[in-house]
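Take a look at the structure set out below.
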Amino acid sequence: MKKIASKVGAAIGLVFLVILGFHYAYNFNILKEPPSNLWSKEVKVGQGKMNTNSVLIKEENRLLVGYLDGKNLHISVSDLQGKVKEEKEYQIDEEFIKNIVFLKTQDGYTLGYNSTDNGTGYMDKLLLDKDLTLIKKDKLEKVREIYQISNNNYLIAFEDRISIIDEKAQEISVPAKDVGMVTGSKTKAGFLVCYLEGKDTFKFFIVEDGKATESKKAISLNKADSVSYNKISCSTDGVKGYILLEEAVKGEFSGSKGIEFNLDGSDSKFKQVYVNESDVIYDNVGIYSEDGGKFYGTSTRPVGRKGSEPAIVSFTFKDGVTKDVEYVSRLRELTLYPYVEEDYVSFISFSKNGIFDVNIASTSDKFKEVNNGTRITERTGALWLTLEGLLYSISFIFVYGLRWIFPIGIVAGVYSFFDYSYSEKRKLRGFLVLSVFGIILKTSSILKISYTDYIALLPEPLAYKGVGILICAILGILSYVFGYLLFKRDTEEMIIIKFSIALIIDTILTLAVFVPLIA
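Those letters in the sequence shown? Residues 0 to 518, per numbering that gives the first Met the number 0, in order.
Below, the structure written as C-alpha coordinates:
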(Lines of atoms letter the chains of each structure in order from A and count residues from 1; the text may use other names and numbers.)
(Lines give C-alpha, C1' and ligand atoms only; values in the text may rest on other atoms or scores of the structure.)
Protein backbone atom coordinates (compact mmCIF):
# COMPACT_ATOMS: atom_id res chain seq x y z
CA MET A 1 0.00 0.00 0.00
CA LYS A 2 2.85 2.37 0.87
CA LYS A 3 4.51 1.68 -2.48
CA ILE A 4 1.30 2.40 -4.38
CA ALA A 5 0.76 5.61 -2.42
CA SER A 6 4.35 6.63 -3.13
CA LYS A 7 3.88 6.00 -6.84
CA VAL A 8 0.66 8.05 -6.90
CA GLY A 9 2.43 10.82 -4.96
CA ALA A 10 5.27 10.74 -7.49
CA ALA A 11 2.70 10.95 -10.29
CA ILE A 12 1.17 14.02 -8.63
CA GLY A 13 4.62 15.59 -8.39
CA LEU A 14 5.24 14.85 -12.07
CA VAL A 15 1.88 16.36 -13.02
CA PHE A 16 2.77 19.48 -11.05
CA LEU A 17 6.05 19.78 -12.97
CA VAL A 18 4.17 19.29 -16.26
CA ILE A 19 1.83 22.15 -15.29
CA LEU A 20 4.79 24.42 -14.53
CA GLY A 21 6.44 23.35 -17.79
CA PHE A 22 3.27 24.19 -19.70
CA HIS A 23 3.14 27.69 -18.24
CA TYR A 24 6.85 28.24 -18.81
CA ALA A 25 6.49 27.29 -22.48
CA TYR A 26 3.37 29.46 -22.80
CA ASN A 27 5.11 32.50 -21.28
CA PHE A 28 8.29 31.92 -23.25
CA ASN A 29 6.40 31.74 -26.55
CA ILE A 30 4.84 35.12 -25.74
CA LEU A 31 8.08 36.80 -24.71
CA LYS A 32 10.19 35.55 -27.62
CA GLU A 33 7.90 36.98 -30.31
CA PRO A 34 8.81 40.26 -32.08
CA PRO A 35 6.22 43.04 -31.72
CA SER A 36 4.79 42.36 -35.19
CA ASN A 37 5.62 40.76 -38.50
CA LEU A 38 6.75 44.16 -39.75
CA TRP A 39 9.02 45.31 -36.90
CA SER A 40 12.03 43.64 -35.33
CA LYS A 41 12.88 43.12 -31.70
CA GLU A 42 14.54 46.09 -30.02
CA VAL A 43 18.30 46.51 -29.58
CA LYS A 44 19.69 48.57 -26.71
CA VAL A 45 22.26 51.15 -27.82
CA GLY A 46 22.43 53.47 -24.79
CA GLN A 47 21.23 54.22 -21.28
CA GLY A 48 20.76 57.27 -19.09
CA LYS A 49 18.56 59.61 -17.10
CA MET A 50 16.35 61.37 -19.61
CA ASN A 51 13.02 63.07 -20.11
CA THR A 52 13.32 63.84 -23.81
CA ASN A 53 13.29 62.00 -27.10
CA SER A 54 16.27 60.28 -28.65
CA VAL A 55 17.10 61.18 -32.27
CA LEU A 56 18.29 58.75 -34.94
CA ILE A 57 20.44 59.43 -38.00
CA LYS A 58 20.85 56.69 -40.58
CA GLU A 59 23.93 56.75 -42.78
CA GLU A 60 25.24 54.41 -45.45
CA ASN A 61 27.00 52.04 -43.05
CA ARG A 62 26.09 53.15 -39.54
CA LEU A 63 23.43 54.49 -37.19
CA LEU A 64 23.90 57.43 -34.84
CA VAL A 65 21.53 58.04 -31.93
CA GLY A 66 21.66 61.25 -29.93
CA TYR A 67 20.18 61.27 -26.43
CA LEU A 68 20.31 62.96 -23.05
CA ASP A 69 21.80 61.55 -19.85
CA GLY A 70 21.36 63.97 -16.99
CA LYS A 71 23.84 66.79 -17.60
CA ASN A 72 25.45 65.06 -20.58
CA LEU A 73 24.51 64.62 -24.20
CA HIS A 74 25.48 61.33 -25.81
CA ILE A 75 25.85 59.96 -29.30
CA SER A 76 25.78 56.20 -29.72
CA VAL A 77 27.35 54.91 -32.94
CA SER A 78 26.40 51.43 -34.15
CA ASP A 79 26.38 49.42 -37.34
CA LEU A 80 23.17 48.93 -39.32
CA GLN A 81 22.28 45.91 -37.17
CA GLY A 82 22.52 47.88 -33.92
CA LYS A 83 25.90 46.63 -32.64
CA VAL A 84 27.41 49.57 -30.74
CA LYS A 85 30.84 50.58 -32.00
CA GLU A 86 31.45 53.87 -30.24
CA GLU A 87 29.96 56.20 -27.61
CA LYS A 88 30.55 59.95 -27.49
CA GLU A 89 29.78 62.18 -24.50
CA TYR A 90 29.39 65.97 -24.30
CA GLN A 91 28.99 67.74 -20.98
CA ILE A 92 26.44 70.54 -20.71
CA ASP A 93 25.65 72.90 -17.85
CA GLU A 94 21.85 72.87 -18.05
CA GLU A 95 19.70 70.58 -15.90
CA PHE A 96 16.30 71.39 -17.40
CA ILE A 97 16.18 70.30 -21.04
CA LYS A 98 12.94 70.74 -22.99
CA ASN A 99 13.94 69.00 -26.22
CA ILE A 100 16.98 67.96 -28.23
CA VAL A 101 17.86 67.86 -31.92
CA PHE A 102 20.60 65.91 -33.69
CA LEU A 103 21.27 66.76 -37.32
CA LYS A 104 23.63 65.95 -40.12
CA THR A 105 25.01 69.15 -41.60
CA GLN A 106 27.20 70.07 -44.55
CA ASP A 107 30.34 70.07 -42.41
CA GLY A 108 29.49 67.46 -39.78
CA TYR A 109 26.74 67.34 -37.19
CA THR A 110 24.77 69.60 -34.86
CA LEU A 111 23.65 68.40 -31.44
CA GLY A 112 21.39 70.92 -29.74
CA TYR A 113 18.92 71.46 -26.93
CA ASN A 114 16.63 74.19 -25.69
CA SER A 115 15.96 75.40 -22.16
CA THR A 116 15.13 78.57 -20.24
CA ASP A 117 17.18 81.12 -18.32
CA ASN A 118 15.23 83.41 -15.97
CA GLY A 119 12.07 82.69 -17.91
CA THR A 120 13.62 83.41 -21.32
CA GLY A 121 14.09 80.56 -23.73
CA TYR A 122 17.34 79.80 -25.49
CA MET A 123 19.00 77.09 -27.59
CA ASP A 124 22.54 75.76 -27.26
CA LYS A 125 24.10 74.14 -30.33
CA LEU A 126 27.12 71.84 -30.22
CA LEU A 127 28.81 71.93 -33.62
CA LEU A 128 30.65 68.66 -34.33
CA ASP A 129 32.95 67.62 -37.14
CA LYS A 130 32.50 64.44 -39.16
CA ASP A 131 34.34 62.46 -36.46
CA LEU A 132 31.86 63.75 -33.85
CA THR A 133 34.52 65.91 -32.21
CA LEU A 134 33.22 69.11 -30.63
CA ILE A 135 34.36 72.18 -32.58
CA LYS A 136 32.46 74.94 -30.82
CA LYS A 137 29.21 75.92 -29.14
CA ASP A 138 26.66 78.47 -30.34
CA LYS A 139 23.79 80.00 -28.39
CA LEU A 140 20.53 81.37 -29.77
CA GLU A 141 18.41 83.68 -27.62
CA LYS A 142 14.62 84.06 -27.38
CA VAL A 143 13.95 80.49 -28.53
CA ARG A 144 10.59 79.18 -27.36
CA GLU A 145 10.57 75.71 -28.93
CA ILE A 146 12.67 73.47 -31.19
CA TYR A 147 11.54 70.43 -33.15
CA GLN A 148 13.39 68.08 -35.52
CA ILE A 149 11.59 67.05 -38.70
CA SER A 150 14.35 65.22 -40.62
CA ASN A 151 18.02 64.29 -40.47
CA ASN A 152 18.89 67.69 -41.96
CA ASN A 153 16.11 70.05 -40.88
CA TYR A 154 14.67 71.37 -37.66
CA LEU A 155 12.26 74.05 -36.51
CA ILE A 156 12.89 76.96 -34.16
CA ALA A 157 9.99 78.93 -32.72
CA PHE A 158 11.31 82.38 -31.80
CA GLU A 159 9.21 85.03 -30.11
CA ASP A 160 8.27 86.64 -33.43
CA ARG A 161 8.72 83.89 -36.06
CA ILE A 162 9.04 80.21 -36.86
CA SER A 163 12.14 79.23 -38.80
CA ILE A 164 13.09 76.04 -40.57
CA ILE A 165 16.86 75.42 -40.66
CA ASP A 166 18.56 73.16 -43.20
CA GLU A 167 21.96 71.38 -43.30
CA LYS A 168 23.63 74.54 -44.61
CA ALA A 169 22.27 76.57 -41.68
CA GLN A 170 20.03 78.45 -44.12
CA GLU A 171 16.84 79.81 -42.59
CA ILE A 172 13.32 80.09 -43.99
CA SER A 173 11.05 82.07 -41.68
CA VAL A 174 7.34 82.79 -41.30
CA PRO A 175 6.05 85.50 -38.95
CA ALA A 176 4.35 84.01 -35.88
CA LYS A 177 3.62 85.32 -32.40
CA ASP A 178 2.51 83.75 -29.14
CA VAL A 179 3.59 80.28 -30.30
CA GLY A 180 2.79 77.68 -27.65
CA MET A 181 3.92 74.54 -29.47
CA VAL A 182 5.39 73.76 -32.87
CA THR A 183 5.70 70.56 -34.89
CA GLY A 184 6.39 69.46 -38.42
CA SER A 185 6.69 66.52 -40.78
CA LYS A 186 7.86 65.77 -44.29
CA THR A 187 5.62 66.12 -47.32
CA LYS A 188 6.25 64.59 -50.72
CA ALA A 189 8.31 67.62 -51.78
CA GLY A 190 8.95 69.58 -48.62
CA PHE A 191 7.62 70.07 -45.09
CA LEU A 192 4.36 70.75 -43.29
CA VAL A 193 4.73 72.96 -40.20
CA CYS A 194 1.93 73.25 -37.64
CA TYR A 195 1.79 75.28 -34.46
CA LEU A 196 -0.46 76.44 -31.65
CA GLU A 197 -1.06 80.18 -31.56
CA GLY A 198 -2.39 81.51 -28.30
CA LYS A 199 -4.51 79.11 -26.29
CA ASP A 200 -6.62 77.33 -28.90
CA THR A 201 -5.84 78.32 -32.49
CA PHE A 202 -3.87 75.89 -34.65
CA LYS A 203 -2.15 77.19 -37.78
CA PHE A 204 0.04 75.70 -40.50
CA PHE A 205 2.25 76.51 -43.46
CA ILE A 206 4.07 74.48 -46.12
CA VAL A 207 7.71 74.76 -47.18
CA GLU A 208 8.67 73.69 -50.72
CA ASP A 209 11.47 74.70 -53.10
CA GLY A 210 13.05 76.94 -50.49
CA LYS A 211 9.89 78.99 -49.97
CA ALA A 212 7.18 79.02 -47.31
CA THR A 213 3.50 79.71 -47.84
CA GLU A 214 1.61 82.14 -45.65
CA SER A 215 0.21 80.73 -42.43
CA LYS A 216 -3.36 79.46 -42.58
CA LYS A 217 -5.73 78.55 -39.81
CA ALA A 218 -6.37 74.84 -39.42
CA ILE A 219 -8.93 75.22 -36.63
CA SER A 220 -9.87 77.33 -33.61
CA LEU A 221 -11.09 75.42 -30.58
CA ASN A 222 -13.36 77.04 -28.04
CA LYS A 223 -11.83 75.20 -25.12
CA ALA A 224 -12.73 75.59 -21.47
CA ASP A 225 -10.25 77.07 -18.99
CA SER A 226 -9.88 73.64 -17.34
CA VAL A 227 -8.62 72.16 -20.63
CA SER A 228 -4.98 72.40 -21.65
CA TYR A 229 -3.00 71.07 -24.60
CA ASN A 230 0.40 69.49 -24.31
CA LYS A 231 2.49 67.90 -27.06
CA ILE A 232 1.37 68.15 -30.70
CA SER A 233 2.42 66.30 -33.85
CA CYS A 234 1.38 66.46 -37.50
CA SER A 235 1.29 64.53 -40.74
CA THR A 236 -0.03 64.94 -44.27
CA ASP A 237 -0.92 62.86 -47.28
CA GLY A 238 -0.67 65.79 -49.69
CA VAL A 239 -4.43 66.32 -49.73
CA LYS A 240 -5.17 66.97 -46.07
CA GLY A 241 -3.20 67.80 -42.96
CA TYR A 242 -3.53 65.99 -39.65
CA ILE A 243 -2.66 67.21 -36.15
CA LEU A 244 -2.69 65.10 -33.00
CA LEU A 245 -2.68 66.96 -29.69
CA GLU A 246 -2.56 65.65 -26.14
CA GLU A 247 -5.38 67.01 -24.02
CA ALA A 248 -5.58 67.38 -20.23
CA VAL A 249 -8.63 68.31 -18.18
CA LYS A 250 -7.76 69.87 -14.82
CA GLY A 251 -4.27 68.49 -15.24
CA GLU A 252 -5.44 64.92 -15.91
CA PHE A 253 -4.52 63.37 -19.26
CA SER A 254 -7.68 62.69 -21.28
CA GLY A 255 -6.22 61.20 -24.45
CA SER A 256 -5.24 62.62 -27.82
CA LYS A 257 -7.51 64.60 -30.07
CA GLY A 258 -7.20 64.62 -33.84
CA ILE A 259 -7.57 67.59 -36.17
CA GLU A 260 -8.14 66.83 -39.85
CA PHE A 261 -8.01 69.87 -42.13
CA ASN A 262 -7.87 70.77 -45.78
CA LEU A 263 -4.57 72.22 -46.90
CA ASP A 264 -6.38 75.20 -48.43
CA GLY A 265 -7.76 76.03 -44.98
CA SER A 266 -11.38 75.61 -46.08
CA ASP A 267 -12.58 72.93 -43.66
CA SER A 268 -11.53 71.01 -40.55
CA LYS A 269 -12.75 68.32 -38.14
CA PHE A 270 -11.97 67.65 -34.49
CA LYS A 271 -12.19 64.10 -33.09
CA GLN A 272 -11.14 61.95 -30.16
CA VAL A 273 -8.43 59.51 -31.27
CA TYR A 274 -8.71 55.81 -30.42
CA VAL A 275 -6.18 53.07 -31.11
CA ASN A 276 -7.72 49.62 -30.78
CA GLU A 277 -10.64 51.21 -28.87
CA SER A 278 -8.25 52.82 -26.36
CA ASP A 279 -7.93 56.59 -25.99
CA VAL A 280 -4.48 56.15 -24.40
CA ILE A 281 -2.17 57.51 -27.07
CA TYR A 282 0.58 60.07 -26.46
CA ASP A 283 4.12 61.19 -27.41
CA ASN A 284 3.11 61.04 -31.05
CA VAL A 285 5.28 61.89 -34.05
CA GLY A 286 4.03 62.16 -37.61
CA ILE A 287 5.55 61.18 -40.94
CA TYR A 288 4.45 61.56 -44.56
CA SER A 289 1.86 59.12 -45.83
CA GLU A 290 0.12 58.49 -49.14
CA ASP A 291 -3.24 57.87 -47.45
CA GLY A 292 -4.18 59.69 -44.24
CA GLY A 293 -1.96 60.88 -41.42
CA LYS A 294 0.74 58.41 -40.37
CA PHE A 295 1.76 58.55 -36.72
CA TYR A 296 3.91 56.73 -34.20
CA GLY A 297 3.15 57.05 -30.50
CA THR A 298 2.83 55.33 -27.15
CA SER A 299 -0.38 53.37 -26.65
CA THR A 300 -1.10 49.87 -25.32
CA ARG A 301 -0.23 46.42 -26.64
CA PRO A 302 -1.91 43.16 -25.60
CA VAL A 303 0.40 40.89 -23.61
CA GLY A 304 -0.71 37.28 -23.89
CA ARG A 305 -4.46 37.00 -23.49
CA LYS A 306 -4.97 38.75 -20.20
CA GLY A 307 -3.07 42.01 -20.04
CA SER A 308 -1.59 44.97 -21.83
CA GLU A 309 1.55 47.06 -21.60
CA PRO A 310 2.56 50.51 -22.92
CA ALA A 311 4.09 50.14 -26.37
CA ILE A 312 5.12 52.13 -29.40
CA VAL A 313 2.51 51.69 -32.13
CA SER A 314 2.13 53.09 -35.62
CA PHE A 315 -1.26 53.90 -37.09
CA THR A 316 -3.02 55.91 -39.76
CA PHE A 317 -5.57 58.59 -38.84
CA LYS A 318 -8.14 59.51 -41.49
CA ASP A 319 -11.82 60.51 -41.54
CA GLY A 320 -11.84 60.61 -37.75
CA VAL A 321 -10.78 56.98 -37.27
CA THR A 322 -7.54 55.05 -36.99
CA LYS A 323 -6.50 52.05 -39.06
CA ASP A 324 -3.42 50.01 -40.04
CA VAL A 325 -2.22 49.64 -36.43
CA GLU A 326 1.23 48.04 -36.13
CA TYR A 327 3.10 47.31 -32.90
CA VAL A 328 6.66 48.63 -32.99
CA SER A 329 7.88 47.70 -29.50
CA ARG A 330 7.21 44.61 -27.38
CA LEU A 331 8.82 45.42 -24.02
CA ARG A 332 6.83 45.03 -20.81
CA GLU A 333 8.25 48.31 -19.49
CA LEU A 334 7.07 51.82 -20.32
CA THR A 335 8.21 52.89 -23.81
CA LEU A 336 8.27 56.52 -24.96
CA TYR A 337 9.42 59.08 -27.51
CA PRO A 338 9.61 57.34 -30.88
CA TYR A 339 11.69 58.90 -33.63
CA VAL A 340 11.39 57.50 -37.15
CA GLU A 341 14.00 57.58 -39.90
CA GLU A 342 13.25 55.55 -43.03
CA ASP A 343 13.04 51.88 -41.94
CA TYR A 344 14.43 52.48 -38.43
CA VAL A 345 12.89 53.77 -35.22
CA SER A 346 14.50 54.81 -31.94
CA PHE A 347 12.68 55.01 -28.62
CA ILE A 348 13.40 54.88 -24.91
CA SER A 349 12.14 52.39 -22.35
CA PHE A 350 12.09 52.49 -18.56
CA SER A 351 14.81 50.38 -16.94
CA LYS A 352 15.02 51.09 -13.20
CA ASN A 353 15.47 53.89 -10.66
CA GLY A 354 14.85 56.69 -13.15
CA ILE A 355 17.17 55.16 -15.76
CA PHE A 356 15.98 54.62 -19.31
CA ASP A 357 17.34 52.43 -22.09
CA VAL A 358 17.75 53.82 -25.60
CA ASN A 359 16.57 51.28 -28.19
CA ILE A 360 16.40 50.96 -31.94
CA ALA A 361 14.28 48.64 -34.07
CA SER A 362 13.87 48.19 -37.80
CA THR A 363 11.80 46.71 -40.59
CA SER A 364 15.01 45.71 -42.39
CA ASP A 365 15.19 41.98 -43.13
CA LYS A 366 18.89 41.92 -42.30
CA PHE A 367 18.28 43.66 -38.96
CA LYS A 368 15.53 41.15 -38.12
CA GLU A 369 17.69 38.21 -39.15
CA VAL A 370 20.43 39.31 -36.75
CA ASN A 371 18.27 40.43 -33.80
CA ASN A 372 15.09 38.34 -33.76
CA GLY A 373 16.68 35.24 -32.24
CA THR A 374 16.00 33.85 -28.75
CA ARG A 375 17.47 35.86 -25.88
CA ILE A 376 18.51 34.91 -22.35
CA THR A 377 16.27 37.66 -20.95
CA GLU A 378 13.28 35.98 -22.58
CA ARG A 379 14.07 32.66 -20.87
CA THR A 380 14.59 34.23 -17.44
CA GLY A 381 11.51 36.41 -17.94
CA ALA A 382 9.40 33.33 -18.69
CA LEU A 383 10.73 31.68 -15.53
CA TRP A 384 9.79 34.63 -13.35
CA LEU A 385 6.33 34.84 -14.92
CA THR A 386 5.84 31.13 -14.22
CA LEU A 387 6.83 31.54 -10.58
CA GLU A 388 4.57 34.59 -10.35
CA GLY A 389 1.69 32.52 -11.73
CA LEU A 390 2.35 29.81 -9.13
CA LEU A 391 2.17 32.38 -6.31
CA TYR A 392 -1.07 33.70 -7.77
CA SER A 393 -2.44 30.15 -7.81
CA ILE A 394 -1.70 29.66 -4.11
CA SER A 395 -3.15 33.03 -3.13
CA PHE A 396 -6.29 32.42 -5.21
CA ILE A 397 -7.20 29.50 -2.94
CA PHE A 398 -8.95 32.20 -0.89
CA VAL A 399 -10.52 33.79 -3.97
CA TYR A 400 -11.73 30.87 -6.06
CA GLY A 401 -10.77 27.74 -4.13
CA LEU A 402 -13.16 28.45 -1.24
CA ARG A 403 -16.05 28.13 -3.69
CA TRP A 404 -15.67 24.35 -3.49
CA ILE A 405 -13.44 23.89 -0.43
CA PHE A 406 -16.00 25.40 1.93
CA PRO A 407 -19.07 23.33 0.93
CA ILE A 408 -17.07 20.12 0.47
CA GLY A 409 -15.34 20.69 3.80
CA ILE A 410 -18.69 21.12 5.58
CA VAL A 411 -20.08 17.89 4.11
CA ALA A 412 -16.87 15.97 4.88
CA GLY A 413 -16.82 17.38 8.41
CA VAL A 414 -20.39 16.35 9.12
CA TYR A 415 -19.70 12.88 7.73
CA SER A 416 -16.56 12.56 9.85
CA PHE A 417 -18.53 13.47 12.96
CA PHE A 418 -20.42 10.20 12.64
CA ASP A 419 -17.79 7.95 11.01
CA TYR A 420 -16.63 6.43 14.31
CA SER A 421 -19.65 4.14 14.18
CA TYR A 422 -19.15 3.08 10.57
CA SER A 423 -17.46 -0.06 9.41
CA GLU A 424 -14.15 0.14 7.55
CA LYS A 425 -15.85 -0.74 4.27
CA ARG A 426 -18.43 1.98 4.77
CA LYS A 427 -15.75 4.53 5.65
CA LEU A 428 -13.84 3.76 2.46
CA ARG A 429 -17.00 3.94 0.41
CA GLY A 430 -17.84 7.26 2.04
CA PHE A 431 -14.40 8.60 1.16
CA LEU A 432 -15.00 7.71 -2.49
CA VAL A 433 -18.45 9.34 -2.49
CA LEU A 434 -17.02 12.52 -0.98
CA SER A 435 -14.25 12.46 -3.59
CA VAL A 436 -16.73 12.25 -6.46
CA PHE A 437 -18.76 15.07 -4.94
CA GLY A 438 -15.58 17.15 -4.57
CA ILE A 439 -14.52 16.60 -8.20
CA ILE A 440 -17.98 17.49 -9.51
CA LEU A 441 -18.28 20.67 -7.42
CA LYS A 442 -14.75 21.78 -8.27
CA THR A 443 -15.27 21.17 -11.99
CA SER A 444 -18.56 23.06 -11.93
CA SER A 445 -16.88 26.03 -10.25
CA ILE A 446 -13.98 26.06 -12.73
CA LEU A 447 -16.42 26.00 -15.64
CA LYS A 448 -18.26 28.99 -14.20
CA ILE A 449 -15.04 30.91 -13.59
CA SER A 450 -12.76 30.12 -16.52
CA TYR A 451 -15.28 29.25 -19.22
CA THR A 452 -17.64 32.20 -18.88
CA ASP A 453 -16.01 35.59 -18.19
CA TYR A 454 -12.46 34.42 -18.91
CA ILE A 455 -12.85 31.97 -21.77
CA ALA A 456 -11.21 34.44 -24.18
CA LEU A 457 -8.06 34.28 -22.07
CA LEU A 458 -7.58 30.54 -22.40
CA PRO A 459 -5.25 29.24 -25.12
CA GLU A 460 -6.17 26.33 -27.34
CA PRO A 461 -6.85 23.49 -26.68
CA LEU A 462 -7.60 24.50 -23.08
CA ALA A 463 -10.34 26.82 -24.32
CA TYR A 464 -12.57 23.82 -25.07
CA LYS A 465 -14.85 22.94 -22.15
CA GLY A 466 -14.35 19.22 -22.72
CA VAL A 467 -10.60 19.62 -22.23
CA GLY A 468 -11.19 21.63 -19.06
CA ILE A 469 -13.52 18.98 -17.67
CA LEU A 470 -11.01 16.23 -18.50
CA ILE A 471 -8.17 18.12 -16.75
CA CYS A 472 -10.31 18.73 -13.66
CA ALA A 473 -11.28 15.06 -13.56
CA ILE A 474 -7.73 13.73 -13.97
CA LEU A 475 -6.31 16.05 -11.30
CA GLY A 476 -9.17 15.21 -8.95
CA ILE A 477 -8.81 11.46 -9.43
CA LEU A 478 -5.04 11.56 -8.81
CA SER A 479 -5.44 13.70 -5.69
CA TYR A 480 -8.28 11.75 -4.12
CA VAL A 481 -6.72 8.34 -4.96
CA PHE A 482 -3.66 9.54 -3.07
CA GLY A 483 -5.83 10.62 -0.13
CA TYR A 484 -7.78 7.35 -0.28
CA LEU A 485 -4.59 5.30 -0.09
CA LEU A 486 -3.39 7.33 2.89
CA PHE A 487 -6.72 6.88 4.65
CA LYS A 488 -6.81 3.15 3.90
CA ARG A 489 -3.61 2.67 5.96
CA ASP A 490 -5.46 3.73 9.08
CA THR A 491 -9.23 3.89 8.81
CA GLU A 492 -9.48 4.64 12.54
CA GLU A 493 -8.52 8.24 11.76
CA MET A 494 -11.26 10.72 10.96
CA ILE A 495 -11.97 10.88 7.23
CA ILE A 496 -11.68 14.67 7.23
CA ILE A 497 -7.92 14.53 7.93
CA LYS A 498 -6.80 12.59 4.86
CA PHE A 499 -9.66 13.94 2.76
CA SER A 500 -8.48 17.51 3.46
CA ILE A 501 -5.00 16.62 2.21
CA ALA A 502 -6.45 15.35 -1.06
CA LEU A 503 -8.77 18.36 -1.33
CA ILE A 504 -5.91 20.86 -0.94
CA ILE A 505 -3.69 18.98 -3.43
CA ASP A 506 -6.52 18.90 -5.96
CA THR A 507 -7.25 22.59 -5.43
CA ILE A 508 -3.63 23.68 -5.83
CA LEU A 509 -3.09 21.59 -8.97
CA THR A 510 -6.30 22.82 -10.55
CA LEU A 511 -5.69 26.46 -9.74
CA ALA A 512 -2.10 26.10 -10.98
CA VAL A 513 -3.51 25.20 -14.40
CA PHE A 514 -6.12 27.95 -14.75
CA VAL A 515 -5.25 30.90 -12.50
CA PRO A 516 -1.99 32.00 -14.25
CA LEU A 517 -3.98 32.31 -17.47
CA ILE A 518 -6.77 34.48 -16.05
CA ALA A 519 -5.31 36.35 -13.04
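We treat Cβ as the ideally placed atom computed from N, Cα and C, and that holds for glycine.
By how many angstroms is the C-alpha of residue 63 removed from the C-alpha of residue 56?
-> 5 Å
From the beta carbon of residue 256, is the nearest beta carbon of chain B less than 7 Å away?
-> This model lacks chain B altogether, as it is built from one protein chain only.
Along the chain, where does the beta strand (DSSP E) that runs through residue 301 open and close?
-> 292-302
How close, in whole Å, do the beta carbons of residue 154 and residue 178 come, if the pair is a contact with beta carbons under 8 Å?
-> About 10 Å separates the two Cβ atoms, so there is no contact after all.
Measuring CA to CA, which of 364, 28, 160 and 35 is closest to residue 325?
-> Taking residue 325 as reference, the option from 364, 28, 160 and 35 with the minimal CA-CA separation is 35.
Just the C-alpha distance for residue 473 and residue 328, rounded to the nearest angstrom, thanks.
-> Straight-line measurement puts the Cα of residue 328 at about 40 Å from the Cα of residue 473.
Using 8 Å as the threshold, is the stretch 335-342 in touch with the stretch 245-263, meaning 3 or more CB pairs across them?
-> Pairwise C-beta distances place the stretch 335-342 out of contact with the stretch 245-263, as fewer than three of them are shorter than 8 Å.
What do you reckon, are the CB atoms on residue 166 and residue 105 nearer than 7 Å?
-> Here residue 166 is near residue 105, since their CB atoms are less than 7 Å apart.
Compute the distance between the beta-carbons of residue 72 and residue 110, then report whether it is under 7 Å.
-> Against a cut-off of 7 Å, the Cβ pair of residue 110 and residue 72 comes out as a contact.
Measure the CB-CB distance between residue 321 and residue 293 and report whether it falls below 7 Å.
-> The answer is no: Cβ separation not under 7 Å.
Apart from the five residues just before and just after residue 527, which ones in its own chain have a Cβ nearer than 8 Å to its Cβ?
-> The requested residue 527 is not part of the displayed model; the chain covers only 0 to 518.
Out of curiosity, what's the CA-to-CA distance linking residue 259 and residue 379?
-> 46 Å
Which of helix, strand or coil does DSSP assign to residue 210?
-> strand
How about residue 18 and residue 413: do their beta carbons lie closer than 7 Å?
-> For the 7 Å CB-CB criterion, residue 18 and residue 413 do not form a contact.
Given residue 374 as reference, the closest of 27, 395 and 23 once Cα atoms are compared = 27
Per DSSP, which residues does residue 233 bridge with? Please list them.
-> 242
Collapsed DSSP secondary structure at residue 425 in the structure displayed = helix
Would you say residue 44 and residue 357 are within 7 Å of each other, going by their C-beta atoms?
-> yes
On the premise that residue 113 lies in contact with residue 142, defined as a C-beta separation below 8 Å, what is that separation, rounded to the nearest angstrom?
-> 5 Å
So what does DSSP say about residue 186, is it helix, strand or coil?
-> coil
As assigned by DSSP and simplified to three states, the class of residue 274 | strand
Tell me, please, which residues DSSP counts as bridged to residue 36.
-> Residue 36 pairs with nothing; no bridge assigned.
Distance, Cα to Cα, residue 400 vs residue 510?
-> 8 Å
Which residues in the same chain as residue 220 place their Cβ atom closer than 8 Å to its Cβ, once the five residues preceding and following it in sequence are excluded?
-> 199, 200, 201 and 269
Proximity to residue 60 [Cα-Cα], best of 189, 457, 80 and 371 | Answer by Cα proximity: 80.
Is it the case that the Cβ atoms of residue 75 and residue 86 are separated by a distance below 7 Å?
-> yes
What are the boundary residues of the beta strand (DSSP E) that residue 340 is part of?
-> Unbroken beta strand (DSSP E) run through residue 340: 334-340.
Check whether the stretch 356-371 touches the stretch 484-493, taking contact to mean three or more Cβ pairs, one atom from each stretch, closer than 8 Å.
-> Taking 8 Å as the limit for Cβ pairs, the verdict is that the stretch 484-493 does not touch the stretch 356-371.
Sequence-distant residues of its chain with Cβ nearer than 8 Å to residue 214 (five each side left out) = 173, 174, 175, 202, 203 and 204
Which one of 148, 139, 149 and 150 has the shortest CA to CA distance from residue 157?
-> 139
From residue 14 to residue 518, what distance separates their C-alpha atoms?
-> 21 Å
What span of residues does the alpha helix (DSSP H) with residue 472 cover, start to end?
-> 464-488
Where does residue 223 fall in DSSP's three states?
-> Note: residue 223 maps to coil in three-state DSSP.
Write down the C-beta distance between residue 353 and residue 48 rounded to the nearest angstrom, noting that I regard them as a contact closer than 8 Å.
-> 6 Å
What are the boundary residues of the alpha helix (DSSP H) that residue 98 is part of?
-> The continuous stretches of alpha helix (DSSP H) do not include residue 98, which lies in the beta strand (DSSP E) extending over residues 98-103.
Excluding the five sequence neighbours on either side, which residues of its own chain have a C-beta within less than 6 Å of the C-beta of residue 504, listed in chain order?
-> Around residue 504: 478.
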